Every structure is written in structure tokens, then in C-alpha cells.
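Quick notes on the structure that follows.
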Amino acid sequence: MLCVVIAKKNFKDTLNLAEKIGNLETVGAIEFRLDYPDIAEFKNLNDFCKDINKIDGIKNKTKIATCMLKREGGNFTGSEDERIEILKHVSKFCDYLTIEVKSFQREPDKMKDFLNSNLILSEHNFTQCPDRKETEKILNNMEKIKAKCKGKVIKKIAVKFNSFEDTYKILPFLTEEKNFGNVIMLGMGKYGKLSRVLNHYFGFLTYVYLEEKTAEGQLSVDEFGEILKILK
-13 MLCVVIAKKN FKDTLNLAEK IGNLETVGAI EFRLDYPDIA EFKNLNDFCK
37 DINKIDGIKN KTKIATCMLK REGGNFTGSE DERIEILKHV SKFCDYLTIE
87 VKSFQREPDK MKDFLNSNLI LSEHNFTQCP DRKETEKILN NMEKIKAKCK
137 GKVIKKIAVK FNSFEDTYKI LPFLTEEKNF GNVIMLGMGK YGKLSRVLNH
187 YFGFLTYVYL EEKTAEGQLS VDEFGEILKI LK
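Letter 65 of the sequence shown, counting from 1, is numbered 51 in my numbering, and no numbers are missing.
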């Protein structure tokens, strides 16, 4: 499944891009990066949630929201409490919330309300690709959180690939039968492009962009479309 990431500084541009994505039949999901809008935008959060629900073209697309803290690799500079309130609001229209595993480990009491939601449990490493043992440890930590969840849970690991060989480190996890369609195992950077294609076939989804990329190595909707034509 292709998921277009929206990372705009205001809700007006976010809504306009969501309208465009609604017309793309090849796209099955949208991720709203709510760590990108200016803090002042969130006074209009209720209206934004209502307006999202009015866009007919995305009603049948999987809607995902995330709001990554600055210290977790995102752009949100507000407090943890402010972030939690934002995620609670958008959970009303979203099918999944993407939340870092570190958030559950750091603030278990504050995060417990999200155990009722469908979650994408996320782990990022922006410098390197961990070895098999470390990856297994990360997945086991996710499994512990999943055991407490009432909704669906997808496991996401996004790491920096520093060579093509790093693909071999994640490929076994992506293709394991128990993980098929239930994980996202992405390589960031120029060496991670192949992993993005593999996730379309073996993972829950792969991230693409329509107007501007949000990660090094991310492919556009058109680029991915050309790849899919070749692989048919």
C-alpha cells in the first residue's frame, strides 16, 4: 500500500493536499505529520478534524496521524501533554496513530489512553542500521506494548542505511510469515530505496510523497508508479 506523507506548516495547505491525494487511485493511505504545523495552527484543530472528514476522496483511504517530538527525530517543540492532546483529537478521524516506542517507555501512564487505538509502534535510528540481535530486541519491546493493546498494532522500524548490504539486515524480518503485512521495515537514505519497494509488497505500507519528501531516499508517487509498471 502506498501512503502519501503530508507535512505542511498550516492546516489550509494540509487540506488542499489531502484533496489532491483523494483523486489518486494508486494511493491507499495518508499520513498526517502534525509535528510540522506551526503551534498557532492548533487553535483550529477541531475545525481541521471536521474538515478532514468532509473530503470525500479520502474517506476510503487509511488515515494515519503522528506528531513526533523534536528529541525523537520530529519537529514538534511543544510539551508532551500538548502532543498527547493533539493525538487524542485527531484519533477521532484517523484509523491509526503512529507513536514512538520510547514514548510508551518514558511516559507509560500518560500513553495508556492510546492502548485502545489502532497503533503503529515506531522506532527510528537516524545514524545506522542495527544488527539482527538489536532488531529482535526492538521488536520484542513492541510486542510487550502490543500485548496491552485492544486495537490493531503495526510495528515500524525506520533506520539509516549506510550501504546496500544493510538491506539484508531487515529483509528476514520483513518476509517472515508472522510479520507479513503487519510490519514496516524501512531504510532511510539513498541506500534504502529498495527497502521502500519491498515494503509495498511485503509490509503494511510504504511511504511516498506528492509535493515534498520528508525523508532522504523517499520516492515520489510518480516514481513509484513507474517502478510498479516495470515490476508488473
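Note that the Cβ used here is the ideal one computed from N, Cα and C, for glycine as well.
These numbers come from a predicted model, not from an experiment.
Where residue i falls: helix, strand or coil (DSSP)
| i | result |
| --- | --- |
| Ala144 | strand |
| Phe28 | helix |
| Phe62 | strand |
| Thr121 | helix |
| Ser181 | helix |
| Ala(-7) | coil |
| Asn102 | helix |
| Tyr22 | coil |
| Lys134 | coil |
| Leu196 | coil |
| Lys47 | coil |
| Ala4 | helix |
| Met(-13) | coil |
| Gly167 | coil |
| Ile41 | coil |
| Glu162 | coil |
| Asn111 | strand |
| Leu157 | helix |
| Met54 | coil |
| Gly219 | A query on residue 219 cannot be resolved here, the shown segment of the chain reaching from -13 to 218 and no further. |
| Glu93 | coil |
Own chain, CB closer than 6 Å to residue i, minus 5 neighbours either side, in chain order
| i | result |
| --- | --- |
| Lys142 | Ile106, Ser108 and Ile170 |
| Lys176 | Gly203 |
| Leu10 | none |
Close beta carbons around residue i, own chain, < 7 Å, minus the five adjacent residues each side
| i | result |
| --- | --- |
| Gly137 | Asn102, Ser103, Asn104 and Leu105 |
| Ser89 | Met97 |
| Asn127 | Val87 |
| Asp152 | Cys115, Gly173 and Tyr177 |
| Arg69 | Cys53, Leu55 and Phe62 |
Per-residue burial, residue i [other beta carbons within 10 Å of its own, 16 or more giving buried]
| i | result |
| --- | --- |
| Ser149 | exposed |
| Tyr195 | buried |
| Arg19 | buried |
| Glu122 | exposed |
| Glu212 | exposed |
| Thr63 | exposed |
| Asp24 | exposed |
| Gln204 | buried |
| Tyr22 | buried |
Selection from the options that minimises the alpha carbon distance to residue i
| i | options | result |
| --- | --- | --- |
| Ile156 | Ile140, Leu184 and Ala133 | Leu184 |
| Tyr187 | Leu160, Gly173 and Gly203 | Leu160 |
| Leu1 | Gly43, Glu151, Glu129 and Val207 | Gly43 |
| Gly60 | Asp67, Ala201 and Phe28 | Ala201 |
| Lys29 | Lys(-6), Glu71 and Arg57 | Glu71 |
| Pro158 | Arg118, Arg69, Thr12 and Arg182 | Arg118 |
Under 8 Å between C-beta atoms of residue i and residue j
| i | j | result |
| --- | --- | --- |
| Cys(-11) | Tyr193 | yes |
| Lys74 | Asp99 | yes |
| Asn168 | Ile140 | yes |
| Val207 | Gly173 | no |
| Glu162 | Leu3 | no |
| Lys15 | Met54 | Checking the sequence, you will find Ala at residue 15 rather than Lys. Result no, Cβ atoms of Ala15 and Met54 do not sit closer than 8 Å. |
| Glu93 | Glu129 | no |
Neighbourhood of residue i by C-beta distance below 8 Å, restricted to the same chain and skipping five residues each side
| i | result |
| --- | --- |
| Leu83 | Ile50, Ala51, Thr52, Leu73, Val76, Ser77, Phe100, Ser103, Asn104, Leu105 and Ile106 |
| Phe166 | Phe188 |
| Gly8 | Ile41, Asp42, Gly43, Ile44 and Lys47 |
| Glu58 | Glu86, Lys88, Ser89 and His110 |
| Val13 | Leu(-12), Cys(-11), Val(-10), Ile7, Lys47, Val194 and Val207 |
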